[in-house]
Amino acid sequence: MQGTEYGDEALKQAMKTELKQRLLEAEKEHRPLRIYCGFDPRKADLHLGHTVPMNKLRQFQDCGHEVTFLIGNFTSLIGDPSDKDILRPQLTPEEVAENGRTYAEQAFRILDPKKTIIRYNAEWLSKLSFADLIKLASNFTVQQFLTRENFKLRWEKGDAIYLHETFYSIMQGYDAYAMRSDVQVGGTDQLFNIVTAARKVMTYMGEKPNIAIILGILPGTDGVVKMSKSLGNHIPINTNAEDMFGKVMSIPDSAMPTYSRLITRWTPADIKVIEDGLKDGSLHPRDAKMKLAREVTASFYGESEADQAQDAFIRLFQKHDVPDEVPETIISRDQSLLDILVACQLVGSRSDGRRMVEQKGVKLDGVVLTDGKEPLQHEGVLQVGKRHFVRVKFA
RNA sequence: GGGCAGUUACCCAAGUGGCCAACGGGGACUGACUGUAAAUCAGUUGGCGACACGCCUUCGGAGGUUCGAAUCCUUCACUGCCCA
C-alpha cells in the first residue's frame, strides 16, 4: 500500500481489508487478481507523473497477477473532466491508434511487455445502446457529481460543466465491469471514478466491486503542483538519462519523500534508511537527491546510463566542466557570433542571442564573449547559459 | 429565442483613442551566490536591425471611422450569466 493516498483513513482500511480477502478468494480459485489502470491516449507524451500507477501495476505483475493496460480510446472522445482542458478537439481514430501505440511503448519501460495485456475500451463501450446508458446513469445523482471537487469548483466559478462529462465516470465504471476487474489503480483524481462510479456500476451489473488502489499525485519540478506538461513542471520519459537525472535534481528537497515513495523501486525500508540519514545529518541532502535521481534514471535507462548521467552532472554542475559529448557544427570563418548562435539553435532568435551576449551568457572555451557581430577568433566549445554547448569548427 | 458580460503575449491578468510591444503576477531564460538545474538577490522575456526608442508583426476573426485604435462602430465566431 506504499504511496497510497485515500484522504480518508476509513476508506483506506476498508480497501486494505477487501484486498486481503480478494487475494484469499483468488488463491482458492487458483487464479491471479485482475488489475488494471486506464490511460487516456489523448496525450502521447508521458512524464513521470503518468508512471506512478505503472509502478504499482508492475509491483502486482511481479507478484504474478494479471495486469491490463487499458487504453481509453473511447473515453478519450470525452476527455476526463479532472483535466482542465475540456475543450480539446476530438481525436481521429488514426491519432488515437498512433498515440495508443507510443503510449504502450513508453509504458513498457516500466511494465513487463510479456506479462501485460493491452486492451482498448471501445471494444465494449462502442456497443452500448442509449438504453444501456440510461440504465447505468440511473444509478447516479446530479448531486454526486456536483459534490465532486473538480465539478464543484467549476460550478462555483461559473465555468462550463457539460453533461457528457458526467458520462466519463460511468464509462470508466463500465470498463471495470467489462473486464471483471478485481483491482483498479489510479491517482487521487480518480477517486470518484474508481470508488464511486466503478463500484456502483459493477454492483449494479451483478459483479463484485473492484478494489481501489488510489495513489498520491506526483508533484512537478516545483515540488508543489501536480506534474503536468502544460504547467511546464514535467519530467518527460522520452528524453535521455542526463536530462532526466538533471531534472530530478532540480526538485526541491521537500519533494524527495514523495518522489521516493511514488516513482522508485525502493522498499519502505530502503526509504527509511535514507530519511533517517537525512534526519541525523549523516547523509547530505544533495547526496540523497543524487541517489534519488540515479534510481529514477536507472529505472528507465538502466544502471550504466544512470551512472554516466550522474558523472556528467557532477562534472557539469559541481565542477563546471564541459560535458563529454557535445554536438559539433561546422561554421564558416566569417560568420558573426549571432549568426552562429542562431544556426546552432543555441538561441531562439537574433534578438534572443543579443540578450544572451549582453547578459554575459555566451562563452567560447569558458571565455565570455561580448560582441555579437564579431566572428569567432578560434574554434572551440561555444556555450550559452549553463547547459547548452556546441563544438564549432571552421569549414 | 431575448437581455447582459467577456475573448489581450507561454499561462493568469491590467489597459477603454496617441506617453502601448502593451502595468502586475506566474513560468521561462541569464548573471551573482550556493549543497544542485534548490532557496535568495539582480536582470531579461515579439521579430528585424546600419543597435537610432528606427522599422515590421501582435491585443478572438473580418471590415470600417480617424492624422492615429488593444481601446470607437459594424459584422462573424466562441464562452459565461440571467430570462424563456
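In UniProt numbering, the protein residues as written are 1 to 395.
Each residue gets a CB set at the ideal place from its N, CA and C atoms; glycine is no exception.
This one's a predicted model, so the numbers in the text were calculated from it and none came from an experiment.
Assigned exposure category for residue i - 16 Cβ within 10 Å defines buried
i	result
Val142	exposed
Asn121	buried
Arg180	exposed
Glu105	exposed
Ile117	exposed
Lys360	exposed
Ser304	exposed
Glu325	exposed
His378	exposed
Arg148	buried
Lys20	exposed
Leu369	buried
Span separating the alpha-carbon of residue i from that of residue j
i	j	result
Leu346	Gln144	52 Å
Ile110	Arg58	7 Å
residue 472	Pro327	Lying outside 1 to 395, the shown extent of the chain, residue 472 is not represented and no answer is given.
Asn73	Glu295	33 Å
Ala107	Met54	7 Å
Tyr168	Asn233	27 Å
Asp83	Asp339	Annotation note: pLDDT 46 at Asp83 (below 50); position unreliable, no value reported.
Glu9	Leu316	45 Å
Pro219	His65	29 Å
Arg199	Leu382	59 Å
Phe192	Asp132	21 Å
Ile235	Phe245	10 Å
Lys363	Ala298	32 Å
Lys56	Ile194	16 Å
Asp321	Leu11	52 Å
Arg265	Lys373	52 Å
Val185	Glu242	30 Å
Leu163	Leu125	18 Å
Lys272	Lys279	10 Å
Ile170	Trp155	20 Å
Ala343	Leu48	32 Å
Lys319	Ile213	44 Å
Arg354	Pro323	25 Å
Nearest to residue i (by Cα), restricted to the options the options
i	options	result
Arg350	Ile330, Asp371, Val183 and Val367	Asp371
Val67	Val96, Tyr36, Thr75 and Glu165	Tyr36
Phe151	Ile237, Arg22, Val392 and Asp189	Asp189
Asn99	Leu133, Asp321 and Leu46	Leu46
Asn238	Phe317, Thr102 and Arg199	Thr102
Asn240	Lys12, Ala10, Tyr301 and Pro219	Tyr301
Asn139	Thr196, Ser129 and Lys114	Thr196
Val248	Ala306, Tyr177 and Glu358	Ala306
residue 404	Gln335, Gly49, Lys289 and Asp334	Residue 404 is absent from the model: the chain starts at 1 and stops at 395.
Ala293	Ala255, Gly281 and Glu25	Ala255
Asp112	Met202, Asp62 and Lys127	Asp62
Gly223	Thr203, Ser250, Lys208 and Val201	Ser250
Tyr204	Val183, Ser228 and Tyr177	Tyr177
Asp182	Leu23, Lys127 and Phe130	Leu23
Residue range of the unbroken beta strand (DSSP E) whose run includes residue i
i	result
Phe69	Glu66 to Ile71
Leu376	Per DSSP, Leu376 belongs to no beta strand (DSSP E) and is neither H nor E.
Val185	Val183 to Gly187
Ala212	Ile211 to Leu215
Arg354	First-last for Arg354: Arg350 to Glu358, but that is the alpha helix (DSSP H), not the beta strand (DSSP E).
Neighbourhood of residue i by C-beta, 7 Å cutoff - its chain only, sequence neighbours within 5 removed
i	result
Asp175	Gly38, Leu70 and Asn121
His388	Leu346
Pro41	Ile71, Gly72, Asn73, Ser76, Val96, Asn99, Gly100 and Tyr103
Thr166	Phe145
N-terminal and C-terminal residue of the alpha helix (DSSP H) that residue i is part of
i	result
His50	Leu48 to Asp62
Gln21	Glu9 to Lys28
Phe394	Careful: Phe394 lies outside any alpha helix (DSSP H), inside the beta strand (DSSP E) at His388 to Phe394.
Tyr162	Taken as a continuous stretch (DSSP letters only), Tyr162 belongs to no alpha helix (DSSP H), as it is neither H nor E.
Lys289	Pro285 to Tyr301
Ala122	Ala122 to Leu125
Arg261	Met256 to Ile263
Phe145	Val142 to Leu146
Lys135	Phe130 to Ala137
Lys208	Taken as a continuous stretch (DSSP letters only), Lys208 belongs to no alpha helix (DSSP H), as it is neither H nor E.
Own chain, CB closer than 8 Å to residue i, minus 5 neighbours either side, in chain order
i	result
Gly216	Gly3, Thr4, Glu5, Val52, Gly187, Thr188, Thr258, Arg261 and Leu262
Leu283	Ile274 and Gly277
Ile291	The sequence given here places Lys at residue 291; Ile does not occur at that position. Here the set comprises Ile274.
Close-in-space but distant-in-sequence residues of the same chain around residue i (CB under 6 Å, 5 per side omitted)
i	result
Glu18	Ile211
Asp85	Model confidence at Asp85 stands at a pLDDT of 40, short of 50, so the residue's coordinates are unreliable and nothing is read from them.
residue 396	Shown here, the chain extends from 1 to 395; a query on residue 396 therefore has no answer.
Glu275	none
Ala309	Ala241, Glu242, Phe245 and Thr297
Ala395	Ile330 and Ser332
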